[in-house]
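Colleague: Whatever position you read off the sequence shown (first residue = 1), add 31 for this note's numbering.
Next up is a structure, given as structure tokens.
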Amino acid sequence: MSDVAIGVDVGGTKALALMVARDGRVVGELKSQTPHDEGFGAGEATTKVIVEQVHELCERQGLSPAQVPIGLGLPGMMRRDGHLAFAPNLQTASGADLGAQLGTALGNSSVFCENDANCATLAEHEWGAGRGIRDFVMVTLGTGIGGGVVADGQLVRGRSGFAGEIGHMVVEAKGAPCSCGGRGCWERYASGGGLHRLTREAALEGRLASVVERCDGDPKKVRAEDVTAAAADGLEEAVTLLREVGWWLALGLANLVAILDCGHFVIGGGLSSASDLVLPAAREYLAELVEGYDARPAITVTTSMFGERSGAMGATLVAFEGA
Ligand SMILES: [Zn+2]
32 MSDVAIGVDV GGTKALALMV ARDGRVVGEL KSQTPHDEGF GAGEATTKVI VEQVHELCER
92 QGLSPAQVPI GLGLPGMMRR DGHLAFAPNL QTASGADLGA QLGTALGNSS VFCENDANCA
152 TLAEHEWGAG RGIRDFVMVT LGTGIGGGVV ADGQLVRGRS GFAGEIGHMV VEAKGAPCSC
212 GGRGCWERYA SGGGLHRLTR EAALEGRLAS VVERCDGDPK KVRAEDVTAA AADGLEEAVT
272 LLREVGWWLA LGLANLVAIL DCGHFVIGGG LSSASDLVLP AAREYLAELV EGYDARPAIT
332 VTTSMFGERS GAMGATLVAF EGA
């Protein structure tokens with residue numbers, strides 16, 4: 032039984048690989064760009080990058096890449112048989128069995144795959160902000176929104192393994208188009224990508240005049256980070272926009288409360304940098320949007336303990352469990 036495992040969180044832009052001990056201690060870390068090269072078979076370019084990461088992490092510890100259990104957290108709908116069935120944010124790997132490809136490339140029979148947000152949920156449940164909590168939902172705000180549902184102490188996987196695709200709950204019929212092919216999905220409003228989109232829209236509509244001024248007067252140059260920075264400086268129009276994102280976040284959370292009666296949300300992912308303003312707004316609006324809010328025990332919304340590492344941390348748990 033190995034004392035360490037490697038977890039790789041394969042995102043749409045970066046692949047974060049961690050070597051983690053059984054007690055959750057991180058002993059190695061490596062970040063690479065996720066390739067989007069065409070001209071390879073599905074997932075081949077991605078596999079190549081992960082192979083390099085595994086070799087490097089193992090070499091540092093004097094371990095054989097064939098011996099260490101590996102978990103992959105993948106951004107899309109993971110079938111229980113390990114195939115990445117649908118991955119709008121990593122289209123070059125869509126349909127691939129990355130676990131099998133990696134296992135063959137490394138001569139390693141202990142490679143296991145899970146949806147990235149499910150991985151993050153497992154990590155927070157085992158070691159982090161969801162520890163000891165039997166009913167909570169992890170919401171990762173990145174380019175899109177990922178989710179993991181823990182009910183009665185167990186991760187809910189659903190019939191095919193696709194449960195927790197909460198980013199594609201429709202919150203605005205006929206709303207903004209989404210990479211999934213639908214419209215008005217929650218992730219088009221409350222994620223990092225959603226903030227970016229709302230920023231662009233507000234800048235072009237003249238609702239961010241002072242922020243635009245800071246960006247050479249060109250509304251097309253305004254990025255989500257500019258709004259976050261301006262809001263931190265107390266610029267009213269930027270604060271208003273982040274509160275709007277908080278409202279959209281609360282709307283989705285209220286829908287989840289209606290279905291699951293969960294009492295706790297763990298918020299992770301790259302938008303956490305904006306969380307100082309978005310989360311307090313979301314908590315406030317949640318009280319207005321949840322049915323019978325006052326009749327329920329308190330509903331808490333906290334940030335994840337491991338931030339952008341959650342997915343890779345949880346992928347190691349999948350590896351430990353599988354091996
Ligand atoms: Zn969608």
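Using N, Cα and C, we set each Cβ at its ideal position, and we do this for glycine too.
In terms of DSSP beta bridges, what is Ile298 paired with?
Modeller: Per DSSP, Val170, Thr334.
Colleague: Our contact map puts Thr334 next to Ile290 with C-beta atoms below 8 Å; I'd like the distance itself, whole angstroms only.
Modeller: That belief does not hold up - the Cβ atoms of Thr334 and Ile290 are roughly 23 Å apart, past 8 Å.
Colleague: Are the C-beta of Val270 and some C-beta of chain C separated by less than 9 Å?
Modeller: Annotation note: the requested chain C is absent from the structure, which comprises a single protein chain.
Colleague: Write down the C-beta distance between Leu282 and Leu320 rounded to the nearest angstrom, noting that I regard them as a contact closer than 8 Å.
Modeller: 6 Å
Colleague: Classify Gly212: buried if its beta carbon has 16 or more other beta carbons within 10 angstroms, exposed otherwise.
Modeller: By the 10 Å Cβ count, Gly212 comes out exposed.
Colleague: Please classify Thr377 as buried or exposed, where buried requires at least 16 other C-beta atoms within 10 Å of its C-beta.
Modeller: Missing from the structure shown is residue 377; the chain here goes from 32 to 354 and no further.
Colleague: Below 8 Å on the Cβ atoms is my contact criterion, and I expect Val253 with Thr230 to pass it. Report the Cβ-Cβ distance as a whole number of Å.
Modeller: 6 Å
Colleague: Sorted by chain position, which residues of the same chain lie with C-beta nearer than 7 Å to Ser140's C-beta, five sequence neighbours on each side aside?
Modeller: Cβ neighbours of Ser140 beyond the five flanking positions: Gly134.
Colleague: Pick from Val258, Ser63, Gln132: whose alpha carbon is nearest that of Ala240?
Modeller: Val258
Colleague: Could you check whether Met336 and Val51 sit closer than 9 Å to each other, using their CB atoms as the reference points?
Modeller: no
Colleague: Please name the residue in Ala234, Asp249, Gln64, His114 whose C-alpha comes closest to that of Ser191.
Modeller: His114
Colleague: Enumerate, from N- to C-terminal direction, the unbroken alpha helix (DSSP H) stretches of 4 or more residues contained entirely within the stretch 198–269.
Modeller: 218–221, 223–235, 240–245, 255–263
Colleague: Starting from the N-terminal side, write out each stretch of the beta strand (DSSP E) that is 3 residues or longer and does not extend beyond the stretch 33–79.
Modeller: 35–41, 45–52, 57–64
Colleague: Which same chain residues end up closer than 6 Å to Ala204 when comparing Cβ atoms and leaving out the 5 residues on each side of it in sequence?
Modeller: Gly215
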